[in-house]
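See below for the structure under consideration.
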Amino acid sequence: MFFEGSEKKANIIIDVKQLSLLDDIADDFWLALVQCCNAKILSTIENDDCKAFLLSESSLFVWHDRLLILTCGNTRLVHSVEYFIQHMGMNKILQITYQRKNEYFAHAQLSSFGDDIALLRQHVDGKAFRFGELDGHHNYIFHQDNSFQVSGEDKSYELIAYQICQKASKKLTTVGLKSHEIRKFLQLDRLLAGFILDDFVFEPFGYSINAIKGMQYLTIHITPQANSSYVSIQANINLIALAPEFLTILAPKSIDILSFNEFEFSELTQQYIPQEYISKSLFQQHLSNNDLVCFANYIQPQTIFSQAELLDIQGQRHAL
């Protein structure tokens, strides 16, 4: 069984002098917004600063002045962004950033990054970049090109793990696995002490968790199947410093790290990324909205042969 774990992501900053997304917007609006990309809300947690929705395909976070939404699978997140624009109005929106990770099976998606941007450009002017090599792991990022300048303190991080070790994959695909067992395996109660947690175990496989503490957030989405394992960890706390914890548990063959406005990216990756991971690609770009984006792909060089995978030619044609 295959599931596309690669995510699409949108970050929208609004003029909080005109509107508070927490105080002035009812949950019915977020329900409709999520439905626009063929996802649904599973559960919700909140504090005074943030509301987090766990989705059937990833997560939605809402603060007073912004929202962050991630969707995986065969969703069209751009439709949710368009819904927000149409209902809020561009006069209330300060900045839109839209991001899309390269997929395992891009041809099985309902749209390409180019299709998504063509729709967005009907509403907003912007620029688009690719971080990473076209023939390897890469991210596409589109951002609104206007006079708004993002604060250098507005940091966020992504840690993506591919081909997790057999031990981790076997554990995370155990029949009947409970959420508290996954939290224990990932040591989340220790790593996220003081956070409010909300998680869900999917059938037959898969796990998602949202965590919030004040303005801070962290979300993890796991596709554990051995032939296409993918773990996405995203947060506005320093994931580079936490990387050794997750890499020890998951032992993936390859990782991506992407950050917004981490000005010590090189120093931190040199300090915290284990030496057995070798940098394959390294990209950096200062965007016109003042975001500094850094991207690195690391691999573990393989020194022994792996067996070729026998394909099910009667089943899904994604892999053919």
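Counted the way my numbering counts, the sequence shown spans residues 1 to 320. Note that the Cβ used here is the ideal one computed from N, Cα and C, for glycine as well. It should be emphasised that the depicted structure is a prediction, and the values quoted were computed from it without experimental measurement.
Here's the rule: buried if 16 or more other CB atoms are within 10 angstroms of the residue's CB, otherwise exposed. What is LEU76?
Within the sequence shown, residue 76 is the residue found at index 76, counting from 1. Leu is not the amino acid found at residue 76; the sequence shown has Arg there. ARG76 should be labelled buried.
Using three-state DSSP, classify ARG130 as helix, strand or coil.
Position 130 of the sequence shown, counted from the start, is the residue given in the question as residue 130. ARG130 falls in the strand class under three-state DSSP.
Express the C-alpha separation of LEU311 and PRO244 in angstroms, rounding to a whole number.
Residue mapping note: residue 244 aligns to position 244 of the sequence shown, counting from 1. Residue mapping note: residue 311 aligns to position 311 of the sequence shown, counting from 1. So the two alpha carbons sit approximately 34 Å from each other.
Compare the beta carbon distance of THR97 and ASN289 with 9 Å and say whether it is the shorter of the two.
As a first step, residue 97 must be located in the sequence shown, where it is residue number 97. As a first step, residue 289 must be located in the sequence shown, where it is residue number 289. Yes. Within cutoff.
Please classify HIS286: does DSSP put it in a helix, a strand, or coil?
For the purposes of this step, residue 286 is taken as the residue at position 286 of the sequence shown. It is a strand residue.
Please report the straight-line C-alpha distance between CYS165 and ILE209, rounded to a whole angstrom.
Working through the sequence shown from its first residue, we reach residue 165 at position 165. Working through the sequence shown from its first residue, we reach residue 209 at position 209. Their backbone Cα atoms lie some 21 Å apart in a straight line.
Given a cut-off of 9 Å, decide if SER156 and ASN261 are closer than it, judged by their beta-carbon atoms.
Along the sequence shown, one-based indexing puts residue 261 at 261. Along the sequence shown, one-based indexing puts residue 156 at 156. Yes; because the gap between Cβ atoms is below 9 Å, this pair is in contact.
For LEU70, list the residues DSSP reports as bridge partners.
For the purposes of this step, residue 70 is identified with residue 70 of the sequence shown, where counting begins at 1. The partner list for LEU70 (beta bridge, DSSP) reads LYS9, SER59.
Can you check which of these residues, GLN144, SER306, ILE45, LYS213, is closest to GLN122 by C-alpha distance?
Translated into positions along the sequence shown, residue 122 becomes position 122. Ranking GLN144, SER306, ILE45, LYS213 by Cα distance to GLN122 puts GLN144 first.
Relative to the C-alpha of PHE283, which candidate in CYS36, LEU134, LEU120, LEU68 has its C-alpha closest?
As a working mapping, residue 283 is identified with position 283 in the sequence shown. When only C-alpha atoms are compared, the closest one is LEU134.
My output table needs one value for SER208: the three-state DSSP class, helix, strand or coil.
The residue labelled residue 208 in the question sits at position 208 within the sequence shown. SER208 falls in the strand class under three-state DSSP.
Tell me, please, which residues DSSP counts as bridged to TYR83.
One-based indexing of the sequence shown puts residue 83 at position 83. Partner(s): none; TYR83 has no beta bridge.
Tell whether a beta-carbon distance below 9 Å holds between PHE53 and VAL78.
By one-based count along the sequence shown, residue 53 stands at place 53. By one-based count along the sequence shown, residue 78 stands at place 78. No. Outside cutoff.
Starting from LEU33, trace the alpha helix (DSSP H) both ways and give me its first and last residue.
By one-based count along the sequence shown, residue 33 stands at place 33. Its alpha helix (DSSP H) spans residues 27 to 35.
Just how far apart, CA to CA, sit VAL150 and PHE84?
As a first step, residue 150 is located in the sequence shown; it is residue number 150 there, counting from the start. As a first step, residue 84 is located in the sequence shown; it is residue number 84 there, counting from the start. About 20 Å.
Looking only at its chain, what residues have a beta carbon closer than 7 Å to the beta carbon of GLN216, apart from the 5 residues adjacent to it on each side?
Looking up residue 216 in the sequence shown gives position 216. Taken in chain order, the residues that qualify are ASN236, ILE237.
Starting from SER254 and walking both ways along the beta strand (DSSP E), at which residues does that stretch end?
Residue 254 sits at position 254 when you count from the first residue of the sequence shown. Unbroken beta strand (DSSP E) run through SER254: 254 to 260.
Quick one: give me the first and last residue of the alpha helix (DSSP H) that THR223 is part of.
Working through the sequence shown from its first residue, we reach residue 223 at position 223. Careful: THR223 lies outside any alpha helix (DSSP H), inside the beta strand (DSSP E) at 216 to 223.
What does DSSP give as the partner residues of ASN297 in its beta bridges?
Working through the sequence shown from its first residue, we reach residue 297 at position 297. BP columns for ASN297 point to ASP256, SER281.
Evaluate LYS167 with the Cβ neighbour count: other Cβ atoms within 10 Å of its Cβ, from every protein chain shown; 16 or more gives buried, anything less gives exposed.
Here the question's residue 167 lines up with position 167 in the sequence shown. The residue in question, LYS167, is exposed, as its Cβ has fewer than 16 Cβ neighbours within 10 Å.
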